[in-house]
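Worksheet for the structure shown next.
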Amino acid sequence: MIKKTRQYKSQLAVIGSGIAGCAATVFAQARGLNTTQIGNSGALAYTSGYFDLLGADTTHYLKKPWEGLKQLRKSEPDHPYCKLTDQDLFNSFEEFINTLDKMGLGYSSPGVNNHLAMLPAGACKPTFCLPNTMIKGAQAMSDKARVLVIDFIGLQGFSAMEIVANLKSQWPQLSAKRMTFPEMETGAQIFPEVMARALEVPATRKEFARRLKDIIGDSEYIAMPAILGIHRPDFIQREMEELVGIPIFEIPTIPPAVAGIRLRELFELQLPKLGATVISQKKVQHIKFEDKIIRLLLEDSYGPVEIEAEKLILASGRFLSGGLKAGQHEVKEALIDLPIHQPDGRENWFSESYFDPAGHSVNRSGVMVNENFQPLDHQGNVIDKRMYAAGILLAHQDWIRQRCGAGLAIATAYKAVNSIVSKG
Amino acid sequence: MSKKAGYRELETEVLIIGGGVTGTGVMRDLALRGISCLLIDRKDLNAGASGGNHGLLHSGGRYATSDYETAAECRIEGDILKNIAADAVDPCGGMFVAVEGDNPEFAADFPQHCARAGIPCTELTATEARQLEPALSNRVIAAYRVSDASIDPFKLTLANVEHARLLNDSNYLPHMQVISFEKNDSKIIRATCRDHRAEIDVKIRAKQFVNATGAWSKMVAELAGCNDVNLLYSKGTLIISNTRIAHGVINRLRPPGDGDILVPGGTVSLLGTTSDSIDNLDKILPTVSEVDRILKEGSDLIPSLETTRFIRTFAGVRPLLMSSDAAEDGRKASRGFTLYDHQQQGLSNFATIAGGKLTTYRLMAEKTGDLVASRMGNKNPCRSAEIALPTDEGVRWTEPGYSARHWFKHSDASDLILCECEMVPQSAIDEVIKLAPGAEDEMTVQAIGLRSRVGKGTCQGAFCSMRVTSHLYDQHIYNNRNGLRHMRDFVGGRYKGIKPILWGEQMPQFELAETMHCGLMGLDLFEDGTKQQVDSTEHKP
């Protein structure tokens, strides 16, 4: 049977459905650009939920991100952030977070300073915006409040004892308890995503709250792994707090983590409501830059799909998401074979020590762009005026070490969309 | 044991320095004669060449052409180990194969050389060879079957130590480095050692001292004032594939060169080996160019290597005995061994055992045991070739696939799997930290990895190190920030063997690992994160 090719037409095609791709779609739809978004959002499940703007200068954590940005613009003139003003950065966060809020996922507002936040194993890091379900943790830590950290029999990789052992020297009123989760009491492995979905059910919340009440004693807060629901975490957090009687906050977990699943499912559900066409869990296989149109080709289980777009934003991520590929001798951009800024030879990709504060050179490889975020060749010429790039596939940044992944995603998508709009 | 100001004192009959396969072999040999020993290592078991090789139990075929004596030794010792350490041996067989471009005369002479060393060898047609090993190139010109096998050097070492403990409570102490020897006339009285973990000096009194420190044996001998040990250091690099590529050992039938051997290691294959003379033992790390060289050479024999996923590379140093024609080329140096009694150097209770091979370690231990026993007036004969090594709890977790079989057999769903690549459950970790040789308080993830399959799979410890660390906190093995520091050191150590093979499918794996270890765990800025927490609380009223 020959399957019929389905065709879509839109002003903008966004390739990638991580934070950068979704932010691009959000910004584009808000500016009246009809958008089709295609991508496989696997890597989104690896986020902690925290949105970083700039959390480290690679040797130290930064309390004051805006001051860090001033330094960065001096020390790393090629960094993508140098193509953005403070106003761009702030506005992009504000608009994106306001949109998330309207979609039903609350985040703290962008501000002046970073918040010191708890990490899954008991270390801390500064971050810019936190989900509502996690923000109380930053407050409780700075107050050294009486916090009970709970973990669960059967839940791997999240140990309340570990968190307490790491933080107690500065936080004596932190304590740990292990409990069972309702209906998951056999001792066999349980998963944060399954627990979070179970908490969407009122009866589970009631029983969970009852068990919590039994063990809280005189605690001022309960801290728990991120499991407070997938679709309405803010509501579930509030209801649980009412049932238990004290404030509750979440600590991120190691992947695959609920915070990322929340974002993925939120976007899948809400982006179409903004008017975007979303083709999820699929990768573009081929792309043609024709005179009048950019043609994207892919195939899903219903047959071939063809998307005609006037403009393109490439936000396909790095190696983990498949945006970049590493051969034995060089790094390549996977879809269009865009020129890649990269170290000369595999000998120079990685530092001698894993935790070298300077990071690894290969992590600064990526797509080169101009101030409008249009990809460039090695001579600095725009490759195709209709094409833009956003997010962590950009060159000259180290999003892991600089703690700037969300900021890069949101702000470069913002600037790329604004460039498209202003050029008409 | 008594405590004196500034140092600890220990006493034993024989102090053995070096926790490789030879040192632990000597320990077992002496314990079998009723002599009690203390074994120490600067780092931990198999930290040198014993852990940095392909785990090949030689049929002798490799040396049949060049070193008849070593070839014959390998054949005899290989057979003994297949008997006494059956649990650590995979009798997978092996093959010597020449492909187009290799010297046909060298290949044609091979059966004669084998016959001279008494090594059984059967000629195969190219078709037969490819039926047995489908991964072979279709350009095979000659192939011979031999009785190579693979052996788990970690299991062997652990079993040696465990056997000595069971026999007469002989003990092993890790991270204990000899700093100096105290002598009185022709005898060493005490060795002063540094316990790098407790950061304290330990003075160990013994009747006999054995130096089995492999590549470091020249330096340790010099500490005792002996200048008669002369070694050539040859660095060898190997790479490990994600899956097992061949059933048996595949040797290239030509004079030894890079990328000329593929050895199965349970569920993976090990491809090697380079041979580069070096002067300095400080930084023995595999490099990108070595990896690329091995792959280029190896793919002549096994074309699929070009697209194989590799998960790790590692390097070891062969401590080779210096001979006149070996000065320039490690490959021509003897694989034989020498026992130095240091009599000429004026010492009567110090011995150094150097050179040799993994396959001949038991024989090396026997010769050393003979000397030490006779010096002590002990007339018991060596029994290490007849008595099997133990396979009990605590030493069984290094075998690939064992954890998975154990877990399925016990089918206890609440015994959570901590390492998913190798299916290592909590109960295995609990057994290792209680019962494995060298187990101690606040055991590091690295030390656990040495005694189990943790960190050996596709993720190379990226995930399991986090889970194991959490488990150790839950068990109160770790009680403060040092647990995360141990984890940081473990993944930092694994990285050195990952870095040169990072491309293709390993690249996303690595990006995920770095995201977790730095972004989610904050290990790169761990101390700074701690400082931030201190600052933020100190500024509060």
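Just so you know, the protein sequences line up as chains S and V, in that order. For any residue, its number in this note's numbering is found by taking its place in the first sequence, counting from 1, and adding 1. For any residue, its number in this note's numbering is found by taking its place in the second sequence, counting from 1, and adding 1182. The beta carbon of each residue, even a glycine, is placed where N, CA and C say it ideally should be.
- In the structure shown, K333(S) falls within a strand segment according to DSSP collapsed to helix, strand and coil.
- Judged by pairs of C-beta atoms under 8 Å, the segment 1336-1355 of chain V does not touch the segment 1311-1324 of chain V, as fewer than three such pairs exist.
- Between the alpha carbons of V1650(V) and M180(S) lies a gap of roughly 20 Å.
- Between S366(S) and H342(S), the C-beta spacing is below 8 Å.
- Between the segment 1303-1312 of chain V and the segment 1254-1267 of chain V there are fewer than three inter-stretch CB-CB distances shorter than 8 Å, so the stretches are not counted as touching.
- Distance from the Cα of R1676(V) is smallest, within the candidate group N1664(V), E1696(V), I1432(V), for E1696(V).
- As the crow flies, the alpha-carbon of A122(S) is around 22 Å from that of I217(S).
- With respect to chain S, the C-beta atom of W1685(V) has a partner C-beta closer than 8 Å.
- The C-beta of L168(S) comes closer than 8 Å to at least one C-beta of chain V.
- Note on the segment 88-174 of chain S: whole alpha helix (DSSP H) runs with a minimum of 4 residues are 133-144, 161-168, in chain order.
- Residue burial is scored here from C-beta neighbours: R1565(V) has fewer than 16 other C-beta atoms within 10 angstroms and is therefore classed as exposed.
- In the DSSP annotation of this structure, the continuous segment of the alpha helix (DSSP H) that includes R1667(V) starts and ends at 1664-1678.
- Under the three-state reduction of DSSP output, E221(S) falls in the coil class, being neither helix nor strand.
- The secondary-structure analysis by DSSP pairs K289(S) across a beta bridge with R296(S).
- Counted as a single uninterrupted DSSP element, the beta strand (DSSP E) harbouring M1277(V) occupies residues 1276-1281.
- The count of Cβ pairs closer than 8 Å, one atom from the segment 1218-1231 of chain V and one from the segment 1308-1317 of chain V, stays below three, leaving the stretches out of contact.
- Secondary-structure assignment with DSSP links H342(S) through a beta bridge to G367(S).
- Within chain S, no residue has its beta carbon less than 8 Å from that of T1307(V); the closest one is some 34 Å off.
- In this structure, the beta-carbon distance from A177(S) to V165(S) falls below 8 Å.
- Fewer than three beta-carbon pairs drawn from the segment 1438-1451 of chain V and the segment 1547-1566 of chain V are found closer than 8 Å, and the two stretches are therefore not classed as touching.
- Annotation: the continuous beta strand (DSSP E) that includes N1366(V) extends over 1358-1366.
- In this structure, DSSP gives C1219(V) an extended state, which the three-state scheme calls strand.
- A residue is called buried when at least 16 other Cβ atoms come within 10 angstroms of its Cβ; E186(S) does not meet this threshold and is exposed.
- If you draw a straight line from the Cα of L131(S) to the Cα of K1616(V), it comes to about 42 Å.
- Each residue's CA atom was taken as its position, placing T1640(V) and L1684(V) some 12 Å apart.
- Contact with chain S is absent for K1385(V), since none of that chain's Cβ atoms lies less than 8 Å from the residue's Cβ.
- By the Cβ test, the segment 194-208 of chain S is in contact with the segment 227-234 of chain S, since at least three Cβ pairs between them sit closer than 8 Å.
- Less than 8 Å divides the Cβ of T59(S) from the Cβ of R402(S).
- Chain order gives the chain S residues near P1690(V) as F320, L321, where near means a beta carbon separation below 7 Å.
- For the options D87(S), L101(S), K71(S), the alpha carbon positioned closest to that of A24(S) is the one of L101(S).
- The segment 10-17 of chain S makes contact with the segment 36-51 of chain S: 3 or more CB pairs, one atom from each, lie closer than 8 Å.
- Here the alpha carbons of T1489(V) and D1351(V) stand approximately 50 Å from one another.
- By the C-beta density criterion, T1542(V) is buried, having at least 16 other C-beta atoms within 10 angstroms.
- With a cutoff of 8 Å on beta-carbon distance, L1571(V) and A1536(V) are scored as not near each other.
- The C-beta of Q72(S) comes no closer than 8 Å to any C-beta of chain V.
- Between M1625(V) and I255(S), the CB-CB gap reaches or exceeds 8 Å.
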